[in-house]
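Enquirer: Just so we're aligned: the sequence shown equals residues 1 to 902 in full-length UniProt numbering. Each residue gets a CB set at the ideal place from its N, CA and C atoms; glycine is no exception. The structure's right below; bear with me while I get my questions together.
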Amino acid sequence: MAPPKEDTEKPLFPDLPCYFSNTTTGTPLAATPECKPGFYCPNIDPNNSLTVPVQCPASTDCSFKRLVFTYCNPQGKYEPVVCKPGFYCPTPTQSLPCPEGYYCLSGSVAPKKCEPLAFCPAGSAVQQSYTAIVICVVIDVALLVAFLVVRVSEIKRAGSSWTEILPSPVRKVLRRRELKRSGLARTLSRRSTRGASGPHVDIALQSLAGAQVAPAAADGMLTHRKPASTASVDGADADAIDVEDANDDAVQVPPAEASTVVDISRLTTAWGRGLGGRDLRVDFKFSEMGLQLPSGKSILSGVTGEIKSSRMTAIMGPSGAGKTTFMNVLCGKVSRTKGDLFVNGKRAEIPDYKKIMGYVPQDDVMLHELTVREIVLHSARCRLPRSWTSAEIEKYVDDLLVALNLAHVAHTVIGDETTRGVSGGQRKRVNIAMEMAAVPICLFLDEPTSGLDSTAALDVASILNQITQLGMTIVAVIHQPRIEVFRKFDDVLMIAPGGRTAYLGSTVGARPYFERLGFVFDPLANEADVLMDILAGKGNNVHGTFTADDLVHMWNKSSLMQATVLNKPSGDSLNTVHSSSGNNRNDAGPSGDTAAQSTSVAVVRESEDMDAAIRAVVKERGSSALRQTLLCHNRSLTQQMRMASTLVLETAVGMLAGLMMGLAIGNADEAYSGVYVMPYTGLSSSPIEFLVPLLSLLIGLSIALASGSSGVTVFSEEKPLFWREAAAGHSRIGYYLGKTLATFYRITLSSLHFVALYRFLAHPAMTLENEFVVILLTFFGVYGAAAIVSMLVRRENAGLLSVVVNLFAAVFCGYGPTLLDAKSWGIIFIWELSFNKWGAEALYSEALAPYRGIYMVDFSAEQLGYTLDRFGFDVAMMLAIGVAWRVVGFVLMIALNRDKQR
Numbered sequence: 001m002a003p004p005k006e007d008t009e010k011p012l013f014p015d016l017p018c019y020f021s022n023t024t025t026g027t028p029l030a031a032t033p034e035c036k037p038g039f040y041c042p043n044i045d046p047n048n049s050l051t052v053p054v055q056c057p058a059s060t061d062c063s064f065k066r067l068v069f070t071y072c073n074p075q076g077k078y079e080p081v082v083c084k085p086g087f088y089c090p091t092p093t094q095s096l097p098c099p100e101g102y103y104c105l106s107g108s109v110a111p112k113k114c115e116p117l118a119f120c121p122a123g124s125a126v127q128q129s130y131t132a133i134v135i136c137v138v139i140d141v142a143l144l145v146a147f148l149v150v151r152v153s154e155i156k157r158a159g160s161s162w163t164e165i166l167p168s169p170v171r172k173v174l175r176r177r178e179l180k181r182s183g184l185a186r187t188l189s190r191r192s193t194r195g196a197s198g199p200h201v202d203i204a205l206q207s208l209a210g211a212q213v214a215p216a217a218a219d220g221m222l223t224h225r226k227p228a229s230t231a232s233v234d235g236a237d238a239d240a241i242d243v244e245d246a247n248d249d250a251v252q253v254p255p256a257e258a259s260t261v262v263d264i265s266r267l268t269t270a271w272g273r274g275l276g277g278r279d280l281r282v283d284f285k286f287s288e289m290g291l292q293l294p295s296g297k298s299i300l301s302g303v304t305g306e307i308k309s310s311r312m313t314a315i316m317g318p319s320g321a322g323k324t325t326f327m328n329v330l331c332g333k334v335s336r337t338k339g340d341l342f343v344n345g346k347r348a349e350i351p352d353y354k355k356i357m358g359y360v361p362q363d364d365v366m367l368h369e370l371t372v373r374e375i376v377l378h379s380a381r382c383r384l385p386r387s388w389t390s391a392e393i394e395k396y397v398d399d400l401l402v403a404l405n406l407a408h409v410a411h412t413v414i415g416d417e418t419t420r421g422v423s424g425g426q427r428k429r430v431n432i433a434m435e436m437a438a439v440p441i442c443l444f445l446d447e448p449t450s451g452l453d454s455t456a457a458l459d460v461a462s463i464l465n466q467i468t469q470l471g472m473t474i475v476a477v478i479h480q481p482r483i484e485v486f487r488k489f490d491d492v493l494m495i496a497p498g499g500r501t502a503y504l505g506s507t508v509g510a511r512p513y514f515e516r517l518g519f520v521f522d523p524l525a526n527e528a529d530v531l532m533d534i535l536a537g538k539g540n541n542v543h544g545t546f547t548a549d550d551l552v553h554m555w556n557k558s559s560l561m562q563a564t565v566l567n568k569p570s571g572d573s574l575n576t577v578h579s580s581s582g583n584n585r586n587d588a589g590p591s592g593d594t595a596a597q598s599t600s601v602a603v604v605r606e607s608e609d610m611d612a613a614i615r616a617v618v619k620e621r622g623s624s625a626l627r628q629t630l631l632c633h634n635r636s637l638t639q640q641m642r643m644a645s646t647l648v649l650e651t652a653v654g655m656l657a658g659l660m661m662g663l664a665i666g667n668a669d670e671a672y673s674g675v676y677v678m679p680y681t682g683l684s685s686s687p688i689e690f691l692v693p694l695l696s697l698l699i700g701l702s703i704a705l706a707s708g709s710s711g712v713t714v715f716s717e718e719k720p721l722f723w724r725e726a727a728a729g730h731s732r733i734g735y736y737l738g739k740t741l742a743t744f745y746r747i748t749l750s751s752l753h754f755v756a757l758y759r760f761l762a763h764p765a766m767t768l769e770n771e772f773v774v775i776l777l778t779f780f781g782v783y784g785a786a787a788i789v790s791m792l793v794r795r796e797n798a799g800l801l802s803v804v805v806n807l808f809a810a811v812f813c814g815y816g817p818t819l820l821d822a823k824s825w826g827i828i829f830i831w832e833l834s835f836n837k838w839g840a841e842a843l844y845s846e847a848l849a850p851y852r853g854i855y856m857v858d859f860s861a862e863q864l865g866y867t868l869d870r871f872g873f874d875v876a877m878m879l880a881i882g883v884a885w886r887v888v889g890f891v892l893m894i895a896l897n898r899d900k901q902r
């Protein structure tokens, strides 16, 4: 209701009981001379029975004011009037101005103390609260300082300049100034005016003139030293070459990739302990393995063979032949429809062993905001045996990074298309390190060399070749490898179109086998490319055209197949190739791989139950769900810290939403007025019962718009990562709870900034803590609905759909249609499933509480269907609905895309 103004209308009959009528003394409102608390009756004397409260006829001006929600002065000498805002009436005959530091709403019988950080001058009807604003400023400054400290620490750890913390435009300006100070700009200008060659040409000329490469500098850059003679080379002045650092006689070039020689000795001890002190190996044998789709189409057909431990086996075939499908069937990601699988000679199913097996997908599925070490360390903490201490895990991870030549980028973020990070080859090795962090016995890789240049691909293949010395069984799908990459593999399974075996044996034995069939290998061509042409039916054969059916038929009839796959003796000379190659290890077994291991661990042989030993190791693997919840929570916080701009934007949007809602109130200091309590009902102005529910609707709409879209980013952008981690044996509930708990800080910040501006502008009568709880749980509910949406639709559509869903939830707050309407339609349950309904009821109850005894607040609530005085129940329902929606989101997360979680 608008604040009262001085009534300029003069009474017509100031000496009569009713000021605007001389024919009546007014209608008595009570039988005794008493005035209700909260009303001002200065002329009523409790000891004089003639001074009872009366209602007098209203003037035209007063009637108009009452119709437009405005107070008017008493229309008679004994007519009660509500105690004005900014005043309090300790007795019906006293009206005192509200003292400084207090505020007085309409009908106050005692002043209310303002919050500690509020502006309340004398005569205040509401408090101008700065409390939430000050809290926001303190928190924001603390977070900014903490962010700067952490970022500087990370930059130092990564060996970068402190200027990396500055925005990119500022860094460019500083770098340009530094170049000018170093004189490099002048040197380049001087060289261009005299026609000298560019720096890269000068370096090349120096190399031709005998320049020597100095040992690597401390910063890892290669340094080319000038020759002792300072004579010019082809007229170029060698002394004209300048550099950015202080060494004037050196030229820096980009650092070369570290050596691909892996120090396996660093991992031997950890590998032994990770396997429980046993030398565990995994040999696969499969017979007539096949996969047929429900449509009847056959993807794999009768694949029979063996994959041995301590060896690298490549799976090759033309596109669509089924090579990836075969590996997915072999590692248990896809269920086969026929055939048998044996692990160490015993029929088994791969999912039983997934905690000790690693699967490296073709795409580098990892969090791009984290550093190399953080990613590998998280995998290790979740998957290593529970008996390992934190220090042991960190040491193993550091050793693993050294072994995979990742130590020099350990503290570098992965990066993405917009953020500079590690190179493609390094990212691929991080992909491998994520699985090796679990000390697996077997490693499956889906096209580990795809997307890499030939050098990076060779590096990856070389590293994989060397880690087989740990006794690992490595199976990889490869596509068009260079010959050096192909030779790094010990064995190769060639799959012809239709998912059938065309060859299984050593890589060096593949060419002799196909040459014997009459195929011609161009001496200048890549042997692997020729083999791919043969599988595709495009090989050059002296006997004519060979189809895929012919290749499969010849393989099934070959004595080499009998010898290498079915282990039957054969006189075929080709069967010796499998074990005679100089670059392949002995097929007889893994005993000669690592002498150090054989002396440090107890070797399990056929005399013991290898399967029981492996299952014992599986039971020891993986941290508890509670521990993984904490790890995922901390990882998510690190993500948010690295994406500080996103957090700032989300908080700013929440603050803007609060500003909009505060401005929507306008100058209405009090958002509610109702019908006066009996017997003063006839004196009432038109009630304002709709404004608080309307504000609840607008608050719900603004929060839906502010956070509905950002809420889906919590899970929708990480679903591939969840699928990968779930397939590796990570705790699903641990991941979901960790991520959910980590979002609580974001919504708390957004809620607090919303409340700060809304409370400053709207002056609600409820306490700061109660209002904050309602707004916080509204954000909580929006994020809960967003979690469900993110599980159901694609990321591109999830943001918009989340906003729409939460807009509907806001509409179901009870403003319109009201709860009474919903009850009459028989669909009240829809409203009760909306957290906004309970939030609106809580706000309505708190807004009306100060006016109980002045207005008929219960009657107002009944008009809309709300129940008053159960604030605790309302917020509990909001919390329960937010939790319930998250439970539904979790069920959807694990129930949908089950095949990707295998």
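Between the Cα of E79 and those of K112, F69 and F39, spot the shortest distance and give me the residue it belongs to.
Expert: Within the sequence shown, the letter at position 79 stands for residue 79. Taking only the C-alpha atoms, the option nearest E79 is F39.
Enquirer: Going by DSSP in three states, T268 sits in which element: helix, strand or coil?
Expert: Here residue 268 refers to the residue found at position 268 of the sequence shown. Here T268 sits in helix by DSSP.
Enquirer: Roughly how many whole angstroms lie between the Cα atoms of A602 and D283?
Expert: Looking up residue 602 in the sequence shown gives position 602. Looking up residue 283 in the sequence shown gives position 283. Here A602 scores only 44 on pLDDT, less than 50, and its place in the model should not be relied on; the value that follows carries that caveat. Their backbone Cα atoms lie some 19 Å apart in a straight line.
Enquirer: Could you please give me the residues that DSSP links to A314 through a beta bridge?
Expert: In the sequence shown, counting from the first residue as 1, residue 314 sits at position 314. Per DSSP, A476 and V492.
Enquirer: Alpha carbons only, please: which of C114, N465, V372 and S454 is nearest the one belonging to D398?
Expert: Position 398 of the sequence shown holds residue 398. Measuring from the Cα of D398, the nearest candidate turns out to be V372.
Enquirer: Could you please give me the residues that DSSP links to G76 through a beta bridge?
Expert: The residue labelled residue 76 in the question sits at position 76 within the sequence shown. In DSSP, G76 forms a bridge with C18.
Enquirer: Can you have a look at W825 and say buried or exposed, based on whether 16 or more other CB atoms are within 10 angstroms of its CB?
Expert: By one-based count along the sequence shown, residue 825 stands at place 825. When all chains shown are included, W825 counts as exposed.
Enquirer: Which whole-angstrom value describes the C-beta separation of P42 and T93, a residue pair presumed to lie in contact below a C-beta threshold of 8 Å?
Expert: Locating residue 42 in the sequence shown gives position 42, where the first residue counts as 1. Locating residue 93 in the sequence shown gives position 93, where the first residue counts as 1. Between T93 and P42 the Cβ distance is about 5 Å, and since that is below 8 Å, they are a contact.
Enquirer: By DSSP, does L560 sit in helix, in strand, or in coil?
Expert: Residue 560 sits at position 560 when you count from the first residue of the sequence shown. Looking at L560 - three-state DSSP - the assignment turns out to be helix.
Enquirer: In the structure shown, what three-state DSSP assignment does F64 receive?
Expert: The count along the sequence shown starts at 1 and reaches residue 64 at position 64. DSSP places F64 in helix when its eight states are reduced to three.
Enquirer: Could you give the DSSP three-state label for I733: helix, strand or coil?
Expert: For the purposes of this step, residue 733 is taken as the residue at position 733 of the sequence shown. I733 falls in the helix class under three-state DSSP.
Enquirer: Comparing C-alpha positions only, which one of A847, T545, R347 and Q480 sits nearest to D611?
Expert: Here residue 611 corresponds to residue number 611 of the sequence shown, with the count starting at 1. Closest option to D611, Cα to Cα, is R347.
Enquirer: Please return the same chain residues whose Cβ sits closer than 7 Å to the Cβ of A118, not counting the five positions on each side in sequence.
Expert: Counted from its first residue, the sequence shown places residue 118 at position 118. These residues qualify, in order along the chain: Q127, Q128, S129, Y130 and T131.
Enquirer: What separation, rounded to the nearest whole angstrom, lies between the Cα atoms of I830 and A461?
Expert: The count along the sequence shown starts at 1 and reaches residue 830 at position 830. The count along the sequence shown starts at 1 and reaches residue 461 at position 461. About 58 Å.
Enquirer: Return the bridge partner residues of T818 from the DSSP annotation.
Expert: Start at 1 with the first residue of the sequence shown, and residue 818 comes out as number 818. Paired residue(s): Y815.
Enquirer: Can you list, in chain order, the residues of its chain with a C-beta nearer than 7 Å to that of V618? Leave out the 5 residues immediately preceding and following it.
Expert: Indexing the sequence shown from 1 puts residue 618 at position 618. Closer than 7 Å at the Cβ level, and outside the excluded window around V618, lie Y353, K355 and I356.
Enquirer: Do M766 and M893 have their C-beta atoms within less than 9 Å of each other?
Expert: As a first step, residue 766 is located in the sequence shown; it is residue number 766 there, counting from the start. As a first step, residue 893 is located in the sequence shown; it is residue number 893 there, counting from the start. For M766 and M893, no; Cβs fall outside 9 Å.
Enquirer: Which same chain residues end up closer than 6 Å to G839 when comparing Cβ atoms and leaving out the 5 residues on each side of it in sequence?
Expert: In the sequence shown, counting from the first residue as 1, residue 839 sits at position 839. Counting only Cβ-Cβ distances below 6 Å, and skipping sequence neighbours, we find V774, T778 and M878.
Enquirer: Beta-carbon within less than 8 Å of T638's beta-carbon, same chain only, minus the 5 sequence neighbours each way: which residues are those?
Expert: Indexing the sequence shown from 1 puts residue 638 at position 638. So the qualifying residues of the chain are E369, L370 and E374.
Enquirer: Could you give the residue range of the beta strand (DSSP E) that holds C442?
Expert: Along the sequence shown, one-based indexing puts residue 442 at 442. From DSSP, the beta strand (DSSP E) with C442 extends over C442 to D446.
Enquirer: Give the straight-line distance between the Cα atoms of V888 and A880, rounded to the nearest whole angstrom.
Expert: As a first step, residue 888 is located in the sequence shown; it is residue number 888 there, counting from the start. As a first step, residue 880 is located in the sequence shown; it is residue number 880 there, counting from the start. Looking at the two C-alpha atoms, the distance is approximately 12 Å.
Enquirer: Per DSSP, what kind of secondary structure is Q466 in: helix, strand or coil?
Expert: The residue labelled residue 466 in the question sits at position 466 within the sequence shown. Helix, per DSSP.
Enquirer: Can you give, in chain order, each stretch of the beta strand (DSSP E) that sits fully within the region 614-671 and has at least 3 residues?
Expert: none
Enquirer: Would you please state the rounded distance, in angstroms, between the beta carbons of R66 and S860? I believe it to be under 8 Å.
Expert: Here residue 66 is taken as the residue at index 66 of the sequence shown, counted from 1. Here residue 860 is taken as the residue at index 860 of the sequence shown, counted from 1. That belief does not hold up - the Cβ atoms of R66 and S860 are roughly 17 Å apart, past 8 Å.
Enquirer: Could you tell me if D491 is buried or exposed, where buried requires 16 or more neighbouring beta carbons within 10 angstroms of its beta carbon?
Expert: Within the sequence shown, the letter at position 491 stands for residue 491. With 16 or more other Cβ atoms within 10 Å, it is buried.
Enquirer: Roughly how many angstroms lie between the CA atoms of N465 and F780, to the nearest whole one?
Expert: Along the sequence shown, read from residue 1 onward, the residue named residue 465 stands at position 465. Along the sequence shown, read from residue 1 onward, the residue named residue 780 stands at position 780. The straight-line gap from Cα to Cα measures roughly 50 Å.
Enquirer: To which residues does DSSP link F119 through a beta bridge?
Expert: As a first step, residue 119 is located in the sequence shown; it is residue number 119 there, counting from the start. Looking at the DSSP assignment, F119 forms a beta bridge with Q128.
Enquirer: Are E435 and I478 close, meaning C-beta to C-beta below 9 Å?
Expert: Here residue 435 refers to the residue found at position 435 of the sequence shown. Here residue 478 refers to the residue found at position 478 of the sequence shown. Their beta carbons are not under 9 Å apart, which means E435 does not touch I478 by this criterion.
Enquirer: Measuring only the C-alpha atoms, how far is G784 from F744?
Expert: What you label residue 784 is simply residue 784 of the sequence shown in a count that begins at 1. What you label residue 744 is simply residue 744 of the sequence shown in a count that begins at 1. Rounded to whole angstroms, G784 to F744 spans 11 Å at the Cα level.
Enquirer: Is the region 514-521 close to the region 303-318, with three or more CB pairs under 8 Å?
Expert: Using a Cβ-Cβ distance cut-off of 8 Å, the region 514-521 and the region 303-318 are not in contact, since fewer than three pairs of beta carbons, one from each stretch, lie closer than that value.
Enquirer: For the region 482-543, which segments carrying the alpha helix (DSSP H) assignment without a break, of at least 4 residues, lie completely within its bounds, in sequence order?
Expert: With a minimum length of 4 residues, the continuous alpha helix (DSSP H) runs that stay inside the region 482-543 are 483-488, 507-516 and 527-535.
Enquirer: In the DSSP output, what is K346 paired with across the bridge?
Expert: Along the sequence shown, read from residue 1 onward, the residue named residue 346 stands at position 346. Looking at the DSSP assignment, K346 forms a beta bridge with V343.
Enquirer: By a C-beta neighbour count over all protein chains shown, 10 Å radius and 16 as the cutoff for buried, is A122 buried or exposed?
Expert: Along the sequence shown, one-based indexing puts residue 122 at 122. It counts as exposed.
Enquirer: Just verifying my parser: in three-state terms, what is the DSSP assignment at I828?
Expert: Residue mapping note: residue 828 aligns to position 828 of the sequence shown, counting from 1. The answer is helix: DSSP assigns I828 an H, G or I state.
Enquirer: For the structure I just gave you, are there three or more beta carbon pairs, one from the region 834-851 and one from the region 668-688, closer than 8 Å?
Expert: yes
Enquirer: Could you check whether the region 649-657 touches the region 377-387, counting it as contact only if at least three pairs of C-beta atoms, one from each stretch, sit closer than 8 Å?
Expert: no
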